[in-house]
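Below you'll find the structure, written out as structure tokens, and then a few comments.
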Amino acid sequence: MLGPGEYVPDVTEGITRVEDLPRPRIERRSRNYPARRCRRCGHRAGRYAVAARTLHDLGDPRSGRPVDLVVSYSKHRCPRCGCHFSVDLADLALPKCLYTRRVQRLAVRLVAEDGLPYQAASWHLWRDHRVFVPYATIQNWVEAAGEKTPGGHARRLPRPSAG
Ligand SMILES: [Zn+2]
98 MLGPGEYVPD
108 VTEGITRVED
118 LPRPRIERRS
128 RNYPARRCRR
138 CGHRAGRYAV
148 AARTLHDLGD
158 PRSGRPVDLV
168 VSYSKHRCPR
178 CGCHFSVDLA
188 DLALPKCLYT
198 RRVQRLAVRL
208 VAEDGLPYQA
218 ASWHLWRDHR
228 VFVPYATIQN
238 WVEAAGEKTP
248 GGHARRLPRP
258 SAG
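Everything in the sequence shown is counted per the working numbering, starting at 98 for the first residue and increasing by one.
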């Protein structure tokens, strides 16, 4: 009989093909508005198109499945100044990034705070959070985060003392 603390390998242990991993659950988000205020001049800017962006988010550890956010967002044109812009998604993800900020922050913490090597951090993110991030991508994030702090190293937070 299995007891508490028994070692049970992850169900995906040994899978070598990405196609064999559990399929992501899709969660839809809408940032689709009929009009927004122009960023440059403040005039009302009507919607002229709708686009969508897929972001890999932290997965669902209960079902063991990844979660992808599909965010639909509107694009706007200002009739006064001619400026074009899309609705701001920067709170969800950095421009052009395939992952949410939540995933990025967690990945950087695993390396900068917990001292995990990149490959171990990549496996941890998959095993415990069901998001697949190649370790080279994590390395890019950590290096970018390190460049923003004095000394060029990712900031290490003091660990809480035991007891
Ligand atoms: Zn304008």
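Even for Gly, the Cβ is constructed at its ideal location relative to N, Cα and C.
Given the structure is predicted, the values throughout are model-derived calculations rather than measurements.
Are the beta-carbon atoms belonging to residue i and residue j less than 9 Å from one another?
{"i": "Cys-175", "j": "His-153", "result": "no"}
{"i": "Gly-137", "j": "Cys-194", "result": "Position check: residue 137 holds Arg in this sequence, whereas Gly was assumed. Not a contact, by the Cβ cut-off of 9 Å."}
{"i": "Asp-117", "j": "Pro-158", "result": "no"}
{"i": "Pro-163", "j": "Val-228", "result": "yes"}
{"i": "Tyr-232", "j": "Ala-218", "result": "yes"}
{"i": "Val-170", "j": "Ala-148", "result": "The question names Val, but residue 170 in the sequence shown is Tyr. It is a contact, given that the beta carbons lie within the stated cut-off."}
{"i": "Pro-121", "j": "Gly-161", "result": "no"}
{"i": "Ala-187", "j": "Thr-197", "result": "no"}
Return the chain-ordered list of same chain residues with a C-beta closer than 8 Å to the C-beta of residue i, the five sequence neighbours on each side being excluded.
{"i": "Val-239", "result": "Ala-204, Val-205, Val-208, Ala-209, Tyr-215 and Ala-251"}
Run the proximity test for residue i: is its beta-carbon closer than 8 Å to any non-hydrogen atom belonging to ligand 1?
{"i": "Arg-144", "result": "no"}
{"i": "Cys-194", "result": "no"}
With distances taken Cα to Cα, identify the nearest neighbour of residue i among the options.
{"i": "Asp-165", "options": "Gly-156, Ser-171, His-173 and Lys-172", "result": "Gly-156"}
{"i": "Asp-185", "options": "Val-105, Val-115, Arg-133 and Ala-146", "result": "Arg-133"}
{"i": "Ile-112", "options": "Ala-142, Tyr-104, Thr-234 and Trp-223", "result": "Trp-223"}
Taking 7 Å as the limit between beta carbons, can you name the residues of its chain near residue i, skipping five residues before and five after?
{"i": "Phe-182", "result": "Arg-136 and His-173"}
For residue i, collect the residues of the same chain with a Cβ closer than 6 Å to its Cβ; drop the 5 residues on either side in sequence, then sort them by chain order.
{"i": "Thr-151", "result": "Asp-165 and Val-167"}
{"i": "Ile-123", "result": "Asp-165 and Val-167"}
Just checking: is the beta-carbon of residue i within a distance shorter than 9 Å of some beta-carbon in chain D?
{"i": "Gly-243", "result": "The question asks about chain D, but that chain is absent: this structure has only one protein chain."}
Does the Cβ of residue i lie closer than 8 Å to at least one heavy atom of ligand 2?
{"i": "Tyr-170", "result": "For ligand 2, the structure offers nothing, since it holds only ligand 1."}
- Counting by C-beta, which residues lie closer than 6 Å to a heavy atom of ligand 1, in chain order? Cys-135, Arg-137, Cys-138, His-140, Cys-175, Arg-177, Cys-178 and Cys-180
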